[in-house]
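Novice: These protein sequence lines map, in sequence, to chains A and B.
When the letters of the first sequence are read in order and numbered with the working numbering, they come out as residues 1 to 227.
When the letters of the second sequence are read in order and numbered with the working numbering, they come out as residues 1 to 203.
By construction, the Cβ of each residue, glycine as well, lies at the ideal position given by its N, Cα and C atoms.
Can you read through this structure? Questions will come right after.
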Amino acid sequence: MDGIHDMGGMHGFGQLDLKPEGEAFHEEWEGRMFAMNWALMAAAGMSLDAGRAGVEQLPPSDYLTLPYFGRWLHAWCRSLVDSGVFSQEQMNVIGCGEVPELPVVTRAADDPSMATAGTGLELALRGNPPQRPIDLAPAFRVGDCVRGKIMHPAGHTRIPRYVRGRQGVVVADRGGHVFPDTHALGLGENPHRLYAVRFAAQELWGEEAHCRDSVTLDLWEPYLEPA
Amino acid sequence: MSHDHHHRVPPDPALRVKALETALTQLGLIDTADLDAIVDLYQNKVGPRNGARIVARAWVDPEFKSRLLQNGTSAIAEYGFPALQGEDIVVLENTPGVHNLVVCTLCSCYPWPVLGLPPTWYKSAAYRSRAVSEPREVLREFGIEPGAEVEVRVWDSTAETRYLVLPMRPAGSEALDEIALAELVTRDSMIGTDVLPPVAETT
Numbered sequence: 001m002d003g004i005h006d007m008g009g010m011h012g013f014g015q016l017d018l019k020p021e022g023e024a025f026h027e028e029w030e031g032r033m034f035a036m037n038w039a040l041m042a043a044a045g046m047s048l049d050a051g052r053a054g055v056e057q058l059p060p061s062d063y064l065t066l067p068y069f070g071r072w073l074h075a076w077c078r079s080l081v082d083s084g085v086f087s088q089e090q091m092n093v094i095g096c097g098e099v100p101e102l103p104v105v106t107r108a109a110d111d112p113s114m115a116t117a118g119t120g121l122e123l124a125l126r127g128n129p130p131q132r133p134i135d136l137a138p139a140f141r142v143g144d145c146v147r148g149k150i151m152h153p154a155g156h157t158r159i160p161r162y163v164r165g166r167q168g169v170v171v172a173d174r175g176g177h178v179f180p181d182t183h184a185l186g187l188g189e190n191p192h193r194l195y196a197v198r199f200a201a202q203e204l205w206g207e208e209a210h211c212r213d214s215v216t217l218d219l220w221e222p223y224l225e226p227a
Numbered sequence: 001m002s003h004d005h006h007h008r009v010p011p012d013p014a015l016r017v018k019a020l021e022t023a024l025t026q027l028g029l030i031d032t033a034d035l036d037a038i039v040d041l042y043q044n045k046v047g048p049r050n051g052a053r054i055v056a057r058a059w060v061d062p063e064f065k066s067r068l069l070q071n072g073t074s075a076i077a078e079y080g081f082p083a084l085q086g087e088d089i090v091v092l093e094n095t096p097g098v099h100n101l102v103v104c105t106l107c108s109c110y111p112w113p114v115l116g117l118p119p120t121w122y123k124s125a126a127y128r129s130r131a132v133s134e135p136r137e138v139l140r141e142f143g144i145e146p147g148a149e150v151e152v153r154v155w156d157s158t159a160e161t162r163y164l165v166l167p168m169r170p171a172g173s174e175a176l177d178e179i180a181l182a183e184l185v186t187r188d189s190m191i192g193t194d195v196l197p198p199v200a201e202t203t
């Protein structure tokens, strides 16, 4: 979706704030939210694409004002209601920092749902490889000129606005990768070939950009057309 | 009326996260010990020292460097770091003619196995918006100025490919061994927002 998250090239956010920081998590709740995210992903078999899509659907004003892990909290609160884990009333209580009335669930060790769902730690250790075999011949070769398609999808996508309609050159074929646009919607992995495509800075930003500079993005085949 | 429940200001996120964790634990969906282990992993065991080991080895071991640039994922897999967000790693070599800079404009993708979790500035709107369109101004705020003859090559992490910059080995470091070299490697040099100074200036 063409949301506030698609920030490449926007003006108005000011200078960088480079104050030194040492810890991975600045406050304890950030670490808990981070860990809860992966534990829930592992338990629900939810995809990272769906998680990103959830964050993108935050109202723009919330997206800009919430701290990074606060966005994760808001996205999960919505997702856990949408998926029926909590009622809206129960979530309202959680939103007030209190624990709602809930049935206490104890699962037997041989419960099949416990056998299939890994832990968040296992997910962190083993990762979640995106590469998939793909039989289709590549539509593009390294060195080909391509153009980012002009599109305006309401759902999740990973082609930023700033390369749509712009011409670049394929610099690498990364093979088949899970396609986020369908995966985020639960419509399957639908693997497509992924290419690294290099765009001259002046093609993207005009002649004031430095003549030698470039931006390289990883773009799936359906995002591209021959140029 | 002033006690209307709906008009309460949402509490500190810490309280909401705690309530959510407690509720999900009661439902049996998550396990506190699992969360503790994940926090410990990223707080204490994964961070830019991992990447620094890779960089230092690449500086002293040409055969490793060749494999690293050919297939970063498999070369780094030898180290056994936690794999999440490093399932497809591409290593970018800085040279006198090319300075690589990594960003994620759409969220904040970052190579966790080798760098840990990203610093706040990497996740900021200012960095995400500007790194692609005015990289030289961004680099100037970090105190580095690639010459006009250098290509600044920005990489926007739009897929699951994660980028690790292999910085240039500092001048004057010829006598140092791999462990001492790793000490010189900064986190930012592996994102592309730092250039390692000559050794004489760092000691």
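#1: Using only the alpha-carbon positions, how far apart do ALA200(B) and TYR163(B) sit?
#2: Residues of the region 124–135 of chain A in Cβ contact with chain B at a cutoff of 7 Å, in chain order, please.
#3: In whole angstroms, what separates the C-alpha of ALA115(A) from that of CYS96(A)?
#4: When you compare only the Cα positions, how much space is there between ALA75(A) and GLY51(A)?
#5: Quick one: Cα of PRO226(A) to Cα of ASP144(A), how far?
#6: Pull up the distance between the alpha-carbon of GLU56(A) and that of ARG130(B), whole angstroms please.
#7: Output the boundary residues of the alpha helix (DSSP H) element that contains ASN50(B).
#8: Starting from HIS99(B), trace the beta strand (DSSP E) both ways and give me its first and last residue.
#9: In terms of residues, what are the limits of the beta strand (DSSP E) holding THR182(A)?
#10: Counting pairs of Cβ atoms below 8 Å between the region 3–18 of chain A and the region 115–135 of chain B, do you hit three or more?
#11: At least one CB of chain B closer than 7 Å to the CB of THR119(A): is that the case?
#12: Taking 7 Å as the cut-off, decide whether the C-beta atoms of GLU189(A) and VAL197(A) are in contact.
#13: Classify PRO146(B): buried if its beta carbon has 16 or more other beta carbons within 10 angstroms, exposed otherwise.
#14: Can you tell which of GLU178(B), PRO119(B), VAL138(B) has its C-alpha closest to the C-alpha of PHE69(A)?
#15: If the cut is a Cβ gap below 7 Å, which residues of chain A does LEU121(B) touch?
#16: Between GLU221(A) and HIS183(A), is the Cβ-Cβ spacing less than 7 Å?
#17: Pull the bridge partners of LEU92(B) from the DSSP assignment, please.
#18: Less than 7 Å separating the beta-carbons of GLN43(B) and ALA137(A)?
#19: Are LEU224(A) and VAL146(A) closer than 7 Å when you measure CB to CB?
#20: By DSSP, does GLY54(A) sit in helix, in strand, or in coil?
#21: Measuring CB atoms only, is the region 31–51 of chain B touching the region 28–37 of chain A, in the sense that at least three cross pairs come out at less than 8 Å?
#22: Would you list the one or two residues that DSSP bridges to PHE199(A)?
#23: With 7 Å set as the bound, which would you pick, yes or no: does the beta-carbon of HIS74(A) sit closer than that to a beta-carbon of chain B?
#24: If you check the beta carbons only, do TRP29(A) and PRO13(B) fall under 7 Å apart?
#25: Taking ALA83(B) as the reference, which of ASP82(A), LEU125(A), MET1(A) has the closest Cα?
Specialist: Well, looking at it:
#1: Approximately 29 Å, taken between the alpha carbons.
#2: Flagged, chain order: ALA124, LEU125, ARG126, GLY127, ASN128, PRO129, PRO130, GLN131.
#3: Confidence in ALA115(A) is poor, its pLDDT being 46 and thus under 50, which makes the residue's placement unreliable; the coordinate value appears in the next sentence. Going by C-alpha positions, ALA115(A) is about 34 Å away from CYS96(A).
#4: Looking at the two C-alpha atoms, the distance is approximately 8 Å.
#5: Approximately 8 Å, taken between the alpha carbons.
#6: GLU56(A) and ARG130(B) have their C-alpha atoms spaced approximately 19 Å apart.
#7: Segment 48–60, the alpha helix (DSSP H) holding ASN50(B).
#8: Where HIS99(B) is concerned, the enclosing beta strand (DSSP E) starts and stops at 98–103.
#9: Careful: THR182(A) lies outside any beta strand (DSSP E), inside the alpha helix (DSSP H) at 180–183.
#10: Taking 8 Å as the limit for Cβ pairs, the verdict is that the region 115–135 of chain B does touch the region 3–18 of chain A.
#11: Interface residue, yes.
#12: Not in contact: GLU189(A) and VAL197(A) (Cβ atoms no closer than 7 Å).
#13: So PRO146(B) ends up on the buried side.
#14: Minimum Cα distance to PHE69(A) is reached at PRO119(B).
#15: Residue identity differs from the one stated: residue 121(B) is Trp in this sequence, not Leu. Those are LEU16, ASP17, LEU18, listed as they occur along chain A.
#16: Taking 7 Å as the Cβ cut-off, GLU221(A) and HIS183(A) do not qualify as a contacting pair.
#17: Per DSSP, VAL165(B).
#18: Judged by their CB atoms, GLN43(B) and ALA137(A) are not nearer to each other than the 7 Å cut-off.
#19: Annotated as proximal: LEU224(A) and VAL146(A), with beta-carbon spacing under 7 Å.
#20: Helix, per DSSP.
#21: Under the Cβ criterion (8 Å, minimum of three pairs), the region 31–51 of chain B counts as touching the region 28–37 of chain A.
#22: Note: PHE199(A) sits in a beta bridge opposite VAL215(A).
#23: Using beta-carbon distances, HIS74(A) does not count as an interface residue toward chain B, since no partner is under 7 Å.
#24: In this structure, TRP29(A) sits near PRO13(B), with a CB-CB distance shorter than 7 Å.
#25: For the residues ASP82(A), LEU125(A), MET1(A), the minimum Cα distance to ALA83(B) belongs to LEU125(A).
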